[in-house]
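The sequence shown finishes on residue 261 if you use the numbering used here, and the numbering steps up by one all the way, no holes.
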Amino acid sequence: MAMPKMSAEQTRWLVQSLVHVAWTDGKVAPVEVAFIERVMRAADWGDEATKKVRRLMDGRETRPELEAPPASLSYDNKVTVFQDVVELVFADGRLDKVEQDLVMKVANALGLHLSDMQSIWSRAKRHQENMG
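Okay, structure coming up:
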């Protein structure tokens, strides 16, 4: 998760996207909450912003829709975002078709090169298989 520096707008988009991805299977697992909280800590989010995201994750606020990434997001940051999304979908130990479809939707929205997507996906899948 060591990402190139992101602006506040880019970080907000990342966290909202991760919350959206976490809700894809109908619930946010504790391991997904921990992952998103690590991202927020790494970005030095304040208490109020963190509390709002926690309300999104536990269903007290309406889940965010998946938005297009900010135009200012660099390619390196896009790769990092995709790595985070892939890590998040594998975090709960299962990967279903809906999550796979969403990962592809995110990848397409980010405009990543196919080789980058495949490399990230393969690494995450191997890691998951070694953990299981």
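The beta carbon of each residue, even a glycine, is placed where N, CA and C say it ideally should be.
DSSP places D221 outside both helix and strand once states are collapsed to three, so it counts as coil. Counting only unbroken stretches of 4 or more residues, the alpha helix (DSSP H) elements lying wholly within the segment 132 to 194 are 137 to 151, 159 to 171 and 176 to 186, in sequence order. Inter-segment contact for the segment 231 to 250 and the segment 163 to 178 is absent: fewer than three beta-carbon pairs are separated by less than 8 Å. Here D245 is not near E161, since their CB atoms are 8 Å or more apart. Across the structure, L147 and E258 are spaced so that their CA atoms are roughly 22 Å apart.
Residue burial annotation: E228 is buried, with at least 16 other C-beta atoms found within 10 angstroms of its C-beta. Assignment of S248 by DSSP, reduced to helix, strand and coil, places it in the helix class.
Annotation for E196: no alpha helix (DSSP H) segment contains it, and DSSP assigns it neither H nor E.
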